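**Student:** Here my numbering is used: position 180 in the sequence shown is 182, and no number is missing along the way.
Take this structure, written in structure tokens, and hold onto it; I'll ask about it next.
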Amino acid sequence: MTRDSSLPMLVLVRHLVGHDETRQQHARAARRGVEVRVGRGAYVERETWEALARAEKQWVRLSAYARTRARAPIFSHWSAAVLHGLPFADERTGDIHVAVGSTAGGRSARGVRAHSVQVPEEDIVQIDGMLCTDLARTVVDIAATSPMREAVAATDHVLRGASARSAEEYSEEVRRGLLAAWMRAQPLRGHRRALDVLSFADGRSESVLESVSRLAMYEAGLPKPELQRSFSDARGRIGYVDFAWPDFRIIGEADGDAKYLDAALRGGRTAERVVLEEKIREDRLRALGWTVVRWRWPAVQRPAELIAALSAAGLPADPRRRWDDCGAA
């Protein structure tokens, strides 16, 4: 779905002739389950709605909200994150987040969270006709107010474009931009927490699963891993691994389902072929004398399972341990 393709599927009652009667008709359709009410006077056919992904549904709700307000809202926090295409580590409630200004006195209502924060004009952008905080300010707001795992996943995602792994370099340009936005946002409730997230974030974590896994390792006091280490053997290049601990000769691989189920990521290969190639790759890594530990999403939903697996492989967990440098290794 393109960013503006949600607009034609919305039925806005106030734009229709005889809208009072029409409103009742759509309300009855929603009660029958034929349509879904996505906002005040805004409806979508249920079949269309159920075919949308979670982020697409949120996009439609934002569009409905923006188009039924007398004054254009400024979306912020996780609503702005939807517009910027940031990933979600956990299920979100679907609440709409708006910035109302520190002196506006706006109040939250059911399904809408009004944030009394001052947003400089330079930190506001327009996406498909909707106003929202720009990418840097959005990340700062999320870092200041959200659970650590969600904030880290979103910030890693933004930094990912600044990571030049093939050259073994790591650009700090984006991080500096985030820190500048953090400074402009002051006074900011949660400013210390936001700074911790910005310091911990690392664009070399290539997925939400990797980001959340890295945070679990840190919180459990595991040794700091090397990210995206390259391996080769006598046959040539093997590739990069998600996590490596050279002192312990342990490799960690966060196995998301997408590499097996997403046709685009498979690159024309069957899922069976991908599994076989992963097995061959792992055998080559083990032949170099490394232990390989793999895990999937259930392990990070219950972090103790991930830590137990890594500890069993030989990594010592010490809750008192803190990584000296929480950014790039």
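In this text, a Cβ means the ideal position worked out from N, Cα and C, and glycines have one as well.
What you are looking at is a predicted structure, and each value in this text was computed from that prediction instead of being measured.
(1) Taking DSSP's pairing of strands, which residues face S209 in a bridge?
(2) Within 10 angstroms of its Cβ, does G43 collect 16 or more other Cβ (buried), or is it exposed?
(3) What is the DSSP secondary structure of T293, reduced to helix, strand or coil?
(4) Is it true that the CB of S207 sits closer than 8 Å to the CB of L229?
(5) Rounded to the nearest angstrom, how far is the Cβ of V102 from that of A116, given a contact under 8 Å?
(6) Would you mind stating whether I240 and R283 have Cβ atoms separated by less than 8 Å?
(7) Please state whether DSSP places R42 in a helix, a strand or coil.
(8) Return the first residue and the last residue of the beta strand (DSSP E) that S232 is part of.
(9) For R69, report the span of its alpha helix (DSSP H) as first-last.
(10) Are the beta-carbon atoms of D143 and S213 separated by less than 8 Å?
(11) Tell me, please, whether the stretch 285–304 touches the stretch 193–207 by the rule of three or more beta-carbon pairs shorter than 8 Å.
(12) Can you have a look at R322 and say buried or exposed, based on whether 16 or more other CB atoms are within 10 angstroms of its CB?
(13) Is it a yes or a no for the stretch 144–154 touching the stretch 192–199, going by three-plus beta-carbon pairs under 8 Å?
(14) Buried or exposed, going by whether 16 or more other CB atoms sit within 10 Å of the CB of A156?
(15) Once DSSP output is grouped into helix, strand and coil, what is the label at W247?
(16) Measuring alpha carbon to alpha carbon, tell me which residue in P189, E152, G192 and A138 is nearest E175.
(17) Return the residue from the list K59, D92, L317 and P89 that minimises the CA-CA distance to I98.
(18) Using only the alpha-carbon positions, how far apart do S148 and D235 sit?
(19) Can the beta-carbon of R151 be found less than 8 Å from the beta-carbon of A91?
(20) Can you check whether the CB of L12 is closer than 8 Å to the CB of V62?
(21) What is the rounded straight-line gap between the Cα of P318 and the Cα of P225?
(22) Using a Cβ-Cβ cutoff of less than 8 Å, which residues in the same chain neighbour Y45 once the five nearest sequence positions on both sides are dropped?
(23) Could you check how far apart the C-beta atoms of A222 and P305 are, in whole angstroms? I think they sit under 8 Å.
(24) How many whole angstroms separate the CB atoms of W80 and L211, which I take to be in contact at a CB cut-off of 8 Å?
(25) Considering E255, what are the terminal residues of the beta strand (DSSP E) in which it resides?
(26) Decide if A191 is buried, meaning its Cβ has at least 16 other Cβ atoms within 10 Å, or exposed.
(27) Report the rounded CA-to-CA distance for S209 versus T70, giving the unit in angstroms.
(28) What span of residues does the beta strand (DSSP E) with R115 cover, start to end?
(29) Under 8 Å between the Cβ atoms of S118 and V100?
(30) Roughly how many angstroms separate the alpha carbons of V114 and G87, rounded to a whole number?
(31) For a test of the three-state rule: what should DSSP assign to R239, helix, strand or coil?
**Tutor:** On the basis of the coordinates in this document:
(1) Paired residue(s): none; S209 is not in a bridge.
(2) buried
(3) strand
(4) yes
(5) 5 Å
(6) yes
(7) coil
(8) E228 to D235
(9) R56 to R69
(10) no
(11) no
(12) exposed
(13) yes
(14) buried
(15) strand
(16) A138
(17) K59
(18) 43 Å
(19) yes
(20) yes
(21) 7 Å
(22) L12, V13, V15, H28, A31, A32, E37, V38 and R39
(23) 7 Å
(24) Not really, about 19 Å apart at Cβ, beyond 8 Å.
(25) I252 to A256
(26) The amino acid occupying residue 191 in the given sequence is Arg; Ala does not appear at that position. That one is exposed.
(27) 35 Å
(28) V114 to H117
(29) no
(30) 20 Å
(31) strand
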